[in-house]
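The structure under discussion appears below in the form of structure tokens.
2 protein chains.
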Amino acid sequence: MTTTGPAPRRRMRADARRNYERLLAEAAAAFAEHGVESSLEDVARRAGVANGTLYSHFPTRQALLEALMRDRMEALASTARDLLDHPDAHEALIAWARAGIAHAAMYRGLATSLMRSIEDETSELHAACQAVLTAGERLLERAQAAGAVRSDATAPDFYTLINALAWAGEQTTPEQGERLLTFAIDGLRPSARP
Amino acid sequence: MTTTGPAPRRRMRADARRNYERLLAEAAAAFAEHGVESSLEDVARRAGVANGTLYSHFPTRQALLEALMRDRMEALASTARDLLDHPDAHEALIAWARAGIAHAAMYRGLATSLMRSIEDETSELHAACQAVLTAGERLLERAQAAGAVRSDATAPDFYTLINALAWAGEQTTPEQGERLLTFAIDGLRPSARP
DNA sequence: AAATATATTGAGATAGTCTCAAGTTAAGCA
DNA sequence: TGCTTAACTTGAGACTATCTCAATATATTT
Chain A
1 MTTTGPAPRR RMRADARRNY ERLLAEAAAA FAEHGVESSL EDVARRAGVA
51 NGTLYSHFPT RQALLEALMR DRMEALASTA RDLLDHPDAH EALIAWARAG
101 IAHAAMYRGL ATSLMRSIED ETSELHAACQ AVLTAGERLL ERAQAAGAVR
151 SDATAPDFYT LINALAWAGE QTTPEQGERL LTFAIDGLRP SARP
Chain B
1001 MTTTGPAPRR RMRADARRNY ERLLAEAAAA FAEHGVESSL EDVARRAGVA
1051 NGTLYSHFPT RQALLEALMR DRMEALASTA RDLLDHPDAH EALIAWARAG
1101 IAHAAMYRGL ATSLMRSIED ETSELHAACQ AVLTAGERLL ERAQAAGAVR
1151 SDATAPDFYT LINALAWAGE QTTPEQGERL LTFAIDGLRP SARP
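Heads up: the sequence lines are chains A and B, in that order. For what it's worth, my numbering labels the leading residue of the first sequence as 1, then goes sequentially. For what it's worth, my numbering labels the leading residue of the second sequence as 1001, then goes sequentially.
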């Protein structure tokens, strides 16, 4: 069900396809090295095309990010659906949260983009983010129904939490990231107090 | 004990002082409106000086931010010391966390700068951030000693947590921010489980 | 009213974003 | 095969931003 590529109305010309792929590959490398605010000028240079070509394929930085992340976002949503079959609702939720954090921590600045995109309907990433949020919602609701997670937590809360943990992870050590995740998990438990 | 101003070795010339203050005021306005990544070009324009003047007063964006935040950071550290006298160690910690979050959420992008600065010793903000972290550490340790907070949480964890909550608050509604704070507070409780 | 230390200026080097008219090239058809 | 045309690429150009520094201007001191 997943297709890779630029959602072509008609088939792309061979040179266009080549450039498109090359741009994606170089963007991935640049983002991995310098974060999502990397120079697009530089991406085009590395891909060996004029910057106008980059802009014709990807009108905005978000569009480029969307193309880079599309498959992963779909995979993340799909993972959520699979985890609905996991026998332990709480463990399933935690496993998915880990996957979400790893996803959002892929590039520096990505978590911030993912947060912006869920609010901004004009963002090319919006739909994908929305799909991820919704997929997570099912898992969250199941865990809540099982009494494993506090009932006042909403899906947007959970989405934000995952991104916040990814953001925090960008800035510090893996150990601290792991500890903060532990705190978050405990914080989501139904409160001991009335 | 607090002095406002550019930590002058000798007294500044009157025109320099005037420009310095004007630049700070316009930077505050610009940062409030557009976040800490505002155009410095624009700040200089709004202050009615050439951009070279801005750079001569504030060699880097961090230096400008430091000048803007200095008093507030000192106040935040001072608040932490005062709260050591609060009868309830846990309440004191929570009250201070709220103050810290409000502080770090003052400008869009500020939490990210505050995280960068605690790591980067060459940052003009580093010392102030360090002071805040240390002040918070006392409060945290007292709450831990009182058995109100889990003992595996470190001061850097707490610092990161506050900034992460401020970051999350930048992106969403006050209600969600409040809920996430609740989760964080509960997550910091000594765990119910072994 | 100099002299001098201190500030300000703004052009210039560099770099990035984004657009678009002109040029190039792949694909399909005769 | 060569022509046609729609699809694609190009790179200069209009902006904006960061940061530097020699020339200039101004406050303060004597």
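We put the CB at the ideal spot given by N, CA and C, even for glycine. Every value quoted in this text rests on a predicted model; they were computed, and no experiment measured them.
Query                                                                                                                                                                                             : Result
When you compare only the Cα positions, how much space is there between B:A1166 and B:A1111?                                                                                                      : 6 Å
In angstroms with no decimal places, state the Cα-to-Cα distance between B:A1197 and A:D85.                                                                                                       : Residue coverage of chain B in this structure runs from 1001 to 1194, which leaves residue 1197 of chain B outside it and unanswerable.
Count the other C-beta atoms from every protein chain shown that fall within 10 angstroms of the C-beta of A:G187, then say buried if there are 16 or more, exposed otherwise.                    : buried
From A:L23, A:G48 and A:S56, pick the residue whose C-alpha is nearest to that of A:L206; which is it?                                                                                            : Residue 206 of chain A cannot be examined here, being either before or after the span of chain A that is shown, 1 to 194.
Specify whether the stretch 158-174 of chain A and the stretch 1088-1108 of chain B touch according to this definition: at least 3 beta carbon pairs, one from each stretch, less than 8 Å apart. : no
When burial is assigned at 16 or more other CB atoms within 10 Å of the CB, is A:G136 buried or exposed?                                                                                          : buried
Taking 7 Å as the threshold (beta carbon to beta carbon), is B:T1172 in contact with chain A?                                                                                                     : yes
Can you pull the chain B residues whose beta carbon is under 7 Å from the beta carbon of A:G187, in chain order?                                                                                  : F1183, A1184, D1186 and G1187
Look at the Cβ atom of B:S1123, then the Cβ atom of B:Q1176, and state whether they are nearer than 7 Å.                                                                                          : no
Pull up the distance between the alpha-carbon of A:E21 and that of B:R1013, whole angstroms please.                                                                                               : 59 Å
Output yes or no for whether 7 Å exceeds the beta carbon distance between B:V1043 and B:N1019.                                                                                                    : no
Just confirm the distance between the C-beta atoms of B:V1149 and B:A1155, as a whole number of angstroms; I'd bet it's less than 8 Å.                                                            : That belief does not hold up - the Cβ atoms of B:V1149 and B:A1155 are roughly 12 Å apart, past 8 Å.
Do B:A1131 and B:A1077 have their CB atoms nearer than 7 Å?                                                                                                                                       : yes
What does the alpha-carbon distance come out to for the pair A:S38 and A:T173?                                                                                                                    : 23 Å
Buried or exposed: which applies to A:S117, given that a residue is buried once 16 or more other Cβ atoms fall within 10 Å of its Cβ?                                                             : buried
Exposed or buried, what is A:S56 when buried is set at 16 or more other beta-carbons lying within 10 Å of its beta-carbon?                                                                        : exposed
Any C-beta of chain B within less than 7 Å: which residues of the stretch 80-114 of chain A qualify?                                                                                              : none
Take the Cβ of A:L180 as the centre, count every other Cβ of all protein chains shown within 10 Å, and call the residue buried at 16 or more, exposed below.                                      : buried
By DSSP, does A:S113 sit in helix, in strand, or in coil?                                                                                                                                         : helix
Hey, out of A:L64, A:F58, A:L125 and A:L40, whose CA is closest to A:E74's CA?                                                                                                                    : A:L125
Distance cutoff 7 Å, beta carbons only. Does A:A143 sit that close to anything in chain B?                                                                                                        : no
If you count every other CB in all the chains shown that lies within 10 Å of the CB of B:A1092, and 16 or more means buried, which is it?                                                         : buried
So for A:S11, helix, strand or coil by DSSP?                                                                                                                                                      : The question names Ser, but residue 11 of chain A is Arg in the sequence shown. It is coil, neither helix nor strand.
Output, in chain order, the set of chain A residues within a Cβ distance shorter than 8 Å of B:T1160.                                                                                             : A168, Q171, T172, Q176 and L180
Assign B:R1011 to one of two classes, buried (16 or more other C-beta atoms within 10 Å of its C-beta) or exposed (fewer than that).                                                              : exposed
For the alpha helix (DSSP H) that A:R81 lies in, which residues bound it at each end?                                                                                                             : R61 to L83
So, is the C-beta of A:S191 closer than 7 Å to a C-beta in chain B?                                                                                                                               : yes
Taking the C-alpha atoms as reference points, what is the distance between A:L133 and A:V36?                                                                                                      : 21 Å
Tell me which residue opens and which closes the alpha helix (DSSP H) that B:Y1159 is part of.                                                                                                    : A1155 to Q1171
I want to verify the contact list: residues of chain B whose CB lies under 7 Å from the CB of A:D120, in sequence order.                                                                          : Within chain B, no residue comes near A:D120; the closest Cβ sits about 11 Å away, beyond 7 Å.
Which chain B residues sit within Cβ distance under 7 Å of A:D152?                                                                                                                                : R1179
Compare the beta carbon distance of A:A30 and A:L64 with 7 Å and say whether it is the shorter of the two.                                                                                        : no
Within 10 angstroms of its Cβ, does A:G169 collect 16 or more other Cβ (buried), or is it exposed?                                                                                                : buried
Thinking C-alpha only, which one of A:I101, A:S113, A:D15 and A:P87 is nearest A:A146?                                                                                                            : A:P87
Since A:V132 is in the alpha helix (DSSP H), which residue starts that stretch and which ends it?                                                                                                 : H126 to A145
Cutting at 7 Å between CB atoms, please list the residues of its own chain near A:Q66, excluding the five before and the five after it.                                                           : Per the sequence presented here, residue 66 of chain A reads as Glu, with Gln not at that position. Excluding sequence neighbours, A:E66 sits near E124, L125 and A128.
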